[in-house]
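Working notes, structure below.
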């Protein structure tokens, strides 16, 4: 017991005096060594009030962009690894939707409120289900699907989107072109207003020209979409192609409707974007042109009214004309329809705008009538179809202002 205590005290004493002995045995540094070590100490340990980057050159835009690109590269690699190794329900199914709420107030000057009382209503509510049927981890040639439903205030449910999209070119290469094909029921790519889905429309009802010309309605067919000459800002994960294009072959009869003639509608759209970085003042500037041509069925009617003259049992007798029968015949003629439009958009913060003009040409049906009296024809108005002259359809440019706080 005594031996162990003495050894412990000896060990503690050696540990306490070892630093002092070591310092006493250390040789003093020469003045040259002190001068050589001084600059290194000044760079590693700045003074209290001295900035951290004192003595270092300022970072250039190239340096900052390089750091952003490295971060984006690491982010892409991390996301790619997550998709391969981690089970995620977001990869399988994405659910999105929009709803609108309207308040109608009676206007004594405009009869636009059918109920005649102030009330709330839900004009539309939609749900969209989208995801991957096949995911390509090597080149990103995925097979995606989209299925959407829309309800109205008239208790009607309709299918909006029902399509499959296959990416033909590599989508993981952000510096290369893109090309995809979509088949099924989808939006027609014509201008800005008609192409935008419900959640991105600036108003509940939408622009009048898109509805009157049938551009806002979905259709069934195939659409080829692509772009080239992209500009990438990897720091913000921002990619904008200089040229985008869409080519479509559709029925032309609208959503949830079968073809009613032997002709198909074709449309094309080209959009030019400003190929700049995310923080550039011209980000969001684009110019587009759209064209659609097809054939549709136009309907006119001819109403035949047969009348007779009878004498009343009065004194004196009075001749009275009564209608004995009425017949309506319907005539259908297939005619050309044509749409073209241009648009300009600048969507940036804090304010942006979209300006669009569209024009359409159709056949104008004229209803006819035939009136007979006692078997003899007294009046005839022929039915017919004529092509409206440019400008007959009164369309106005659509101006939209957007403001964002972020």
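Numbering (the numbering used here), first residue to last: 237 to 642.
Virtual Cβ for every residue (Gly too), placed ideally from N, Cα, C.
Keep in mind the model is a prediction, meaning the values are calculated, not measured.
Starting from residue 373, follow its DSSP beta bridges and name the residues at the other end. None; residue 373 has no bridge partner.
Shortest alpha-carbon distance to residue 503 belongs to which of 335, 398, 526? 526
Find out if the Cβ-Cβ distance for the pair residue 418, residue 407 is shorter than 7 Å. no
Buried or exposed: where does residue 382 fall if 16 or more other Cβ atoms within 10 Å of its Cβ makes it buried? buried
Confirm, please, whether the CB-CB distance from residue 510 to residue 482 is below 7 Å. no
What residue from 615, 466, 456 has the CA that sits closest to residue 539's CA? 615
Tell me the residue span of the alpha helix (DSSP H) that contains residue 448. 444 to 448
Go through its chain and collect everything with a Cβ distance to residue 573's Cβ below 6 Å, but skip five positions before and after it. 530, 532, 598
Cβ neighbours of residue 361 in the same chain (closer than 6 Å, five flanking residues each side left out): 335, 387
Going by DSSP, name the residue or residues bridged to residue 414. 463
From 513, 544, 607, residue whose alpha carbon lies closest to that of residue 297: 513
Counting only runs of 3+ residues fully inside the region 542 to 612, write out the beta strand (DSSP E) ranges in chain order. 555 to 582, 587 to 597, 599 to 602, 604 to 609
Among 508, 506, 489, whose alpha-carbon lies nearest the alpha-carbon of residue 499? 489
Given residue 557 as reference, the closest of 591, 421, 547 once Cα atoms are compared: 547
By a C-beta neighbour count over all protein chains shown, 10 Å radius and 16 as the cutoff for buried, is residue 311 buried or exposed? exposed
Could you tell me the alpha carbon to alpha carbon distance between residue 437 and residue 570, rounded to whole angstroms? 33 Å
Three or more beta-carbon pairs under 8 Å between the region 438 to 452 and the region 462 to 471, yes or no? no
What does residue 440 pair with, by DSSP beta-bridge criteria? According to DSSP, which records beta bridges pairwise, residue 440 is partnered with nothing at all.
Could you give the DSSP three-state label for residue 475: helix, strand or coil? strand
For residue 429 and residue 435, what's the separation of their Cα atoms in angstroms? 12 Å
To the nearest angstrom, report how far apart residue 495 and residue 618 are at their CA atoms. 29 Å
Let me confirm a value: residue 493 is counted as buried when at least 16 other C-beta atoms fall within 10 Å, else exposed. Which label applies? exposed
Under 6 Å Cβ to Cβ from residue 524, same chain only, skipping five residues before and after it: list those, please. 507, 579
Does DSSP put residue 617 in a helix, in a strand, or in coil? strand
Return the first residue and the last residue of the beta strand (DSSP E) that residue 499 is part of. Taken as a continuous stretch (DSSP letters only), residue 499 belongs to no beta strand (DSSP E), as it is neither H nor E.
DSSP state of residue 300 mapped onto helix, strand, coil: helix
Going by beta-carbon coordinates alone, are residue 396 and residue 366 separated by less than 7 Å? no
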